[in-house]
Amino acid sequence: MDKRTLSLVAAIALLSGACMVGPKYKPPTAPVPPAFKEPPPEGWKEAQPNEVALRGKWWEIYNDTDLNALEDRIDISNQNILAAEAQFRASRDSIRAARSALFPTVTAGASITSVRTPTSGVSGVSGTAAQSGIHTSFQLPFVDFSWEADVWGSIRHSIQASAETAQISAAQLENARLSIQAELALAYFGLHGLDGDLELLAAAVNMYEESLTLTQNRFAGGVASGLDVAQAETQLDTARAQLTDVGAARAQFEHAIAILVGKPPSELSMARRILAVPPPPIPIAVPSALLERRPDIAGAERQMAVQNEQIGIAKAAFYPSVTIGGSLGLQASAVSKLVNWPSRFWSVGPTVSQIVYDAGRRRAVLKQQQDLFDFTVANYRQTVLNAFQQVEDALSTLRILETESVQVQQAVDAAQRSLDISTAQYKAGVVNYLQVITAQEFLLQNQRSSVDLLTRRMTASVQLIEAMGGGWDASQLPSVEKLKAGSD
0 MDKRTLSLVA
10 AIALLSGACM
20 VGPKYKPPTA
30 PVPPAFKEPP
40 PEGWKEAQPN
50 EVALRGKWWE
60 IYNDTDLNAL
70 EDRIDISNQN
80 ILAAEAQFRA
90 SRDSIRAARS
100 ALFPTVTAGA
110 SITSVRTPTS
120 GVSGVSGTAA
130 QSGIHTSFQL
140 PFVDFSWEAD
150 VWGSIRHSIQ
160 ASAETAQISA
170 AQLENARLSI
180 QAELALAYFG
190 LHGLDGDLEL
200 LAAAVNMYEE
210 SLTLTQNRFA
220 GGVASGLDVA
230 QAETQLDTAR
240 AQLTDVGAAR
250 AQFEHAIAIL
260 VGKPPSELSM
270 ARRILAVPPP
280 PIPIAVPSAL
290 LERRPDIAGA
300 ERQMAVQNEQ
310 IGIAKAAFYP
320 SVTIGGSLGL
330 QASAVSKLVN
340 WPSRFWSVGP
350 TVSQIVYDAG
360 RRRAVLKQQQ
370 DLFDFTVANY
380 RQTVLNAFQQ
390 VEDALSTLRI
400 LETESVQVQQ
410 AVDAAQRSLD
420 ISTAQYKAGV
430 VNYLQVITAQ
440 EFLLQNQRSS
450 VDLLTRRMTA
460 SVQLIEAMGG
470 GWDASQLPSV
480 EKLKAGSD
């Protein structure tokens, strides 16, 4: 290799790291209000900058050992989480594949070539008779190498995009984990909320059985009518049917919990337990903190960064490509001569190519990537708006349900007094049995409303935690530098 070739190759190698075309990424802004419109329930507070109440295992805020045990099984047993983890590992592996383009491609092999020349005629150079026969050429070893110099940064853009795509996969993994954790908590509280309904209905069935016995006795004594007995029987059968229906709904919640923790439904049974305490106070972050605490928002922001790299790749296509190629090997007409030093050969040199006409393809691709960047910006801003809506919805639900629960409890107390009076009047023969039935129905309805309200308050608190990111933070995403270096 002569000095001029060496100098040219060295210059190209230096240039390959000196220039990188394409726009510099700057995250676009998103509409962020200074505060949430909905105030938190009474007694709750705004989270401080160093608030750690929801870090890590956010479900522990409920102080429920059974819930804690179920949530801890998700990471090791839930197949959707395992699938998301595999997808993240695949995205991380793609970085190494993209980075390999920075290095030469080397191929090695051996060849034997036989050529037969004409048996007559003259050569076109000297006019002498051409030699004829079969000629064989041996090459061993035969090495080719090719290296595309990343002069304009196309490969580096691809590596950066692959690393940012891996960050998106990491954010999607965290979003899937948070979603399944919240889904499990919702199913858990929904199941135990139905346990409250089952207890009320079972008590109502017992009460209706006693009322039916009383009515039958009064009918036998000629005090009550057959209509009273029929009404009591109808009321009892209706309550039994409701009890059966709630039991079926509870079984479905139990099956859902089993699947979420990676078990067949036949292998999980949940003991009955009544919800007794309201949801705990949850520290409320300021709206601006939501951009860093929601994994779906972090993923949408990283998608903009990936698309920005695609614009750089599209711009690099407008510049010439520089490739350095070469060959090295031994060549001889006989195998015995391959070991001789004169049989060696080599070649090396750069190739510069430039597309001069492509019917506007590169400009169309560049415009397409720029339009897709605008799409990711709009998607990011919409994701932020959706997050604010989810927090506002959960806050308003919790605040309103807290007020409603006080009102319903007052209705329960009034319904109980009404039933006591109606029962006493019926036994005294002052009113008919329909008034007792009506009072019993009002009491059961309000009691079930009270139980259902507590369940809704618990599920709304879970939805609020999920809407705020479950204590996750964007700083937990693997950095681009570590991903490029191959670190976990």
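For the sequence shown, position 437 (counting from the first letter as 1) is numbered 436 according to numbering that gives the first Met the number 0, and the numbering increases by one without interruption. Even glycine gets a Cβ: it sits at the ideal position worked out from N, Cα and C.
Item	Value
Mind checking whether E198 and R249 have CB atoms under 9 Å apart?	no
Using beta-carbon positions only, say whether P280 and W43 come within less than 9 Å of one another.	yes
Is any heavy atom in the ligand ZN found nearer than 8 Å to the beta carbon of D74?	You won't find the ligand ZN in this model; it holds no ligand whatsoever.
Evaluate P294 with the Cβ neighbour count: other Cβ atoms within 10 Å of its Cβ, from every protein chain shown; 16 or more gives buried, anything less gives exposed.	buried
Hey, how far is the Cα of I296 from the Cα of L289?	8 Å
Please report how far the alpha carbon of S125 lies from the alpha carbon of S320, in whole angstroms.	In this predicted model, S125 has a pLDDT of only 49, less than 50, meaning its place in the structure is not dependable enough to derive any value.
Does I323 come out as helix, strand or coil in the three-state DSSP assignment?	strand
How big is the Cα-Cα spacing for Q406 and L442?	14 Å
If I measure Cβ to Cβ from D227 and keep anything under 6 Å in the same chain, skipping five residues before and after, which residues do I get?	T214 and Y432
Give a yes or no on whether the C-beta atoms belonging to A257 and P264 are separated by under 9 Å.	yes
Would G152 pass as a contact of M19 if the rule is Cβ separation under 9 Å?	yes
Check the C-beta distance from F102 over to M457 and give it rounded, since I have them as a contact under 8 Å.	With a Cβ gap of about 56 Å, F102 and M457 do not count as contacting.
Keeping to the same chain, check which residues put their C-beta closer than 6 Å to that of Q462; ignore five residues upstream and five downstream.	A393
Smallest Cα separation from P39: which of D412, I354, V435 and A284?	A284
Within 10 Å of its beta-carbon, does E41 have 16 or more other beta-carbons around it, so buried, or fewer, so exposed?	exposed
Using 8 Å as the Cβ pair cut-off and three pairs as the minimum, do the region 176-185 and the region 344-357 touch?	no
Can you look up V51 in the DSSP assignment and give me helix, strand or coil?	Residue placement at V51 cannot be trusted, given a pLDDT of 45 that sits under 50; what the coordinates show is reported in the next sentence. The answer is coil: DSSP assigns V51 none of H, G, I, E or B.
From this set, L482, A466, K366 and V450, which residue's C-alpha is nearest H191's C-alpha?	V450
V383 and A299 - do their beta-carbons sit closer together than 9 Å?	yes
Does DSSP classify G123 as helix, strand or coil?	Legend: pLDDT at G123 = 48, less than 50; position of this residue unreliable, value from coordinates given subsequently. Three-state result, G123: coil.
Hey, G313 and V364 are a contact pair by Cβ (cut 8 Å); roughly how many whole angstroms apart?	Contrary to the premise, residue 313 reads as Ala rather than Gly in this sequence. Going by Cβ atoms, the distance from A313 to V364 rounds to 5 Å, so yes, they are a contact pair.
Where does E403 fall in DSSP's three states?	helix
Since I believe A97 is in contact with S145 (beta carbons under 8 Å), could you give me their beta-carbon distance rounded to a whole number of angstroms?	With 8 Å as the limit, S145 and A97 do not qualify as a contact, their Cβ atoms being about 17 Å apart.
Could you say which of G348, V305, Q306 and M269 lies nearest to T322 if we only look at CA atoms?	G348
What's the C-alpha gap between A496 and N174?	The chain is shown from 0 up to 487; residue 496 falls before or after that span and cannot be answered.
Could you give the residue range of the alpha helix (DSSP H) that holds N216?	S153 to A219
Out of F141, Q171 and I94, point me to the one whose CA is closest to V479's CA.	I94
Please go through the same chain and pick out, in chain order, the residues whose beta-carbon is closer than 6 Å to the beta-carbon of A223, but skip the five residues on each side of it.	T214 and R217
Distance, Cα to Cα, G428 vs R239?	28 Å
Look up L394 in the DSSP assignment and say whether it is helix, strand or coil.	helix
Among Q353, L327 and R362, which residue has its Cα nearest to the Cα of S346?	L327
Please return the same chain residues whose Cβ sits closer than 6 Å to the Cβ of D244, not counting the five positions on each side in sequence.	none
Would P277 pass as a contact of S404 if the rule is Cβ separation under 9 Å?	yes
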